[in-house]
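K.L.:
Protein chains: 2
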Amino acid sequence: MTRDDIDGEAPTPDQARRQVEHYGLEVDPQAVLVAVRLISAGARVGRAAEAHFARFGLSTGRYRLLADLEDHGGEKSPSHLALDLGVSRATVTGLLDGLEREGLIARRPSTEDGRGTVAVLTARGAQRLRDMAPDHFGRLEAMVGGLSVEERAVFLDLLARVVRGSAALTAD
Amino acid sequence: MTRDDIDGEAPTPDQARRQVEHYGLEVDPQAVLVAVRLISAGARVGRAAEAHFARFGLSTGRYRLLADLEDHGGEKSPSHLALDLGVSRATVTGLLDGLEREGLIARRPSTEDGRGTVAVLTARGAQRLRDMAPDHFGRLEAMVGGLSVEERAVFLDLLARVVRGSAALTAD
DNA sequence: AGCACATAGTTAGCTCCCTAATCATTTTCG
DNA sequence: CGAAAATGATTAGGGAGCTAACTATGTGCT
Numbered sequence: 001m002t003r004d005d006i007d008g009e010a011p012t013p014d015q016a017r018r019q020v021e022h023y024g025l026e027v028d029p030q031a032v033l034v035a036v037r038l039i040s041a042g043a044r045v046g047r048a049a050e051a052h053f054a055r056f057g058l059s060t061g062r063y064r065l066l067a068d069l070e071d072h073g074g075e076k077s078p079s080h081l082a083l084d085l086g087v088s089r090a091t092v093t094g095l096l097d098g099l100e101r102e103g104l105i106a107r108r109p110s111t112e113d114g115r116g117t118v119a120v121l122t123a124r125g126a127q128r129l130r131d132m133a134p135d136h137f138g139r140l141e142a143m144v145g146g147l148s149v150e151e152r153a154v155f156l157d158l159l160a161r162v163v164r165g166s167a168a169l170t171a172d
Numbered sequence: 001m002t003r004d005d006i007d008g009e010a011p012t013p014d015q016a017r018r019q020v021e022h023y024g025l026e027v028d029p030q031a032v033l034v035a036v037r038l039i040s041a042g043a044r045v046g047r048a049a050e051a052h053f054a055r056f057g058l059s060t061g062r063y064r065l066l067a068d069l070e071d072h073g074g075e076k077s078p079s080h081l082a083l084d085l086g087v088s089r090a091t092v093t094g095l096l097d098g099l100e101r102e103g104l105i106a107r108r109p110s111t112e113d114g115r116g117t118v119a120v121l122t123a124r125g126a127q128r129l130r131d132m133a134p135d136h137f138g139r140l141e142a143m144v145g146g147l148s149v150e151e152r153a154v155f156l157d158l159l160a161r162v163v164r165g166s167a168a169l170t171a172d
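Keeping their order, the protein sequence lines are chains A and B. Position one of the first sequence corresponds to residue 1 (the UniProt record's numbering), numbered consecutively onward. Position one of the second sequence corresponds to residue 1 (the UniProt record's numbering), numbered consecutively onward.
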């Protein structure tokens, strides 16, 4: 129980086991440990990502929006963006507001749909992506550098399955 | 490229590859994919967890605090809680405020340190944990039910290593 | 044609967690 | 012993994302 698991490895297997035992439940402590660690790790990595993007004056959400826009030819409707990014339309509105204020995207009315708007990546937005690319992708690569190619493939598979399983949290 | 990857599997390997190629970087697209998927999955699972705990009138942070408190005998200082939960002391203050308002914890001044406070799990707090335990742990188990015992062990190992690697995002 | 209903986008208000600054107590040390 | 530094907790303020409600435009059905 040495205190050099700098944290970040919380909770411990013992904690998981004690909790389950405490309530006399017939639940696999290891399964609980995996679930809780993922939730905890997700928050942790999310915060690290937020700090990372802050270097470039962006947030995780704003970066993801810019990148998605560029990958899609530089134009996309807010609804479509919300769908592809997996966030609400209201969130996209907020992200676009911030990006527009900094001149990284522009909004223009849709030509086909009177209700619609199209978000357009500006030259400045593209430039921002270009500027941060080497550092950004370099750090991402370093992040998983400790895993072999095979391990990465396994991780992707397991991660996808657990994420799919996370529907169990919200079911009903 | 069928559109039945309900999302949740975003981004695609193709997107990762295109992005890296676009900037002519010598970065492994698979590594980028793993990193980006983890960031995305973390946010997704985090939101699912938040919705899950909301059922019981709690948030992820508040639940984690209560659980940690119980596991520690029902008493702990805010600073110690912050350390063990991996959040800032200011966040713990906020969590305690909410929990105290609902009568799930109480604050009493520390007897040893004039500056200190001790958070105490109340009977109501313990009851809340007891009430939610079957549903809560059941769902957690279901979440990772798709993985075999061996796969869970592998996942724990890989997850820990990637989390450790995420320091690369904030380094410097 | 006209009216119900769906859809695009935004706004308002909420919670989560963070950092930075503040205040009160220790603790340390010249 | 008394000043400086460290530590515990809180407050103030900010950004992310959410839901629900609202406006405006499109679509469809009778």
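Virtual Cβ for every residue (Gly too), placed ideally from N, Cα, C. Treat the numbers as computed from the prediction; the structure is a model and nothing was measured.
#1: With 8 Å as the threshold, decide whether the Cβ of residue 78 of chain B is near any Cβ in chain A.
#2: With C-beta atoms as the reference, is residue 88 of chain B less than 8 Å away from residue 118 of chain B?
#3: How long is the line joining the alpha carbons of residue 167 of chain A and residue 113 of chain B, rounded to whole angstroms?
#4: For residue 39 of chain A, would you say it is in contact with chain B, using Cβ-to-Cβ distances shorter than 8 Å as the test?
#5: Which ranges does the alpha helix (DSSP H) cover as unbroken runs of at least 4 residues, wholly within the region 42–129 of chain B, from first to last along the chain?
#6: Could you list which residues in chain A have their beta carbon closer than 7 Å to that of residue 34 of chain B, in chain order?
#7: Using three-state DSSP, classify residue 40 of chain B as helix, strand or coil.
#8: Evaluate contact between the region 34–42 of chain B and the region 23–32 of chain A, counting only Cβ atoms and requiring at least three cross-stretch pairs below 8 Å.
#9: Using the C-alpha atoms, what's the distance from residue 115 of chain A back to residue 98 of chain A?
#10: Kindly indicate which residue of B:85, B:53, B:21, B:57 has the alpha-carbon position closest to the one of residue 12 of chain A.
#11: Establish whether the CB of residue 166 of chain A and some CB of chain B are separated by less than 8 Å.
#12: Is there a Cβ of chain A sitting closer than 8 Å to that of residue 131 of chain B, yes or no?
#13: Check whether the Cβ atoms of residue 71 of chain A and residue 18 of chain B lie closer than 8 Å to each other.
#14: Strictly under 8 Å for the Cβ-Cβ distance: is residue 1 of chain A near chain B by that measure?
#15: For residue 149 of chain A, which three-state DSSP category applies?
#16: Since residue 20 of chain A meets chain B, which of its residues come closer than 8 Å, beta carbon to beta carbon?
P.N.:
The short version:
#1: No, no contact with chain A.
#2: It is not a contact, given that the beta carbons lie outside the stated cut-off.
#3: 45 Å
#4: By the rule that beta-carbons nearer than 8 Å mark a contact, residue 39 of chain A touches chain B.
#5: Counting whole runs of 4 or more residues, the region 42–129 of chain B contains the alpha helix (DSSP H) stretches 60–71, 78–85, 89–101.
#6: 144, 152, 155, 156
#7: The answer is helix: DSSP assigns residue 40 of chain B an H, G or I state.
#8: no
#9: About 21 Å.
#10: B:85
#11: Taking Cβ atoms only, chain B reaches closer than 8 Å to residue 166 of chain A, which makes this a yes.
#12: no
#13: yes
#14: Caution is warranted here: a pLDDT of 35 is assigned to residue 1 of chain A, below 50, making its placement in the model unreliable, and the coordinate value is therefore given only provisionally. Not one chain B Cβ lies under 8 Å of residue 1 of chain A.
#15: helix
#16: Think of a sphere of 8 Å around the beta carbon of residue 20 of chain A: the chain B residues whose beta carbon falls inside it are 137, in chain order.
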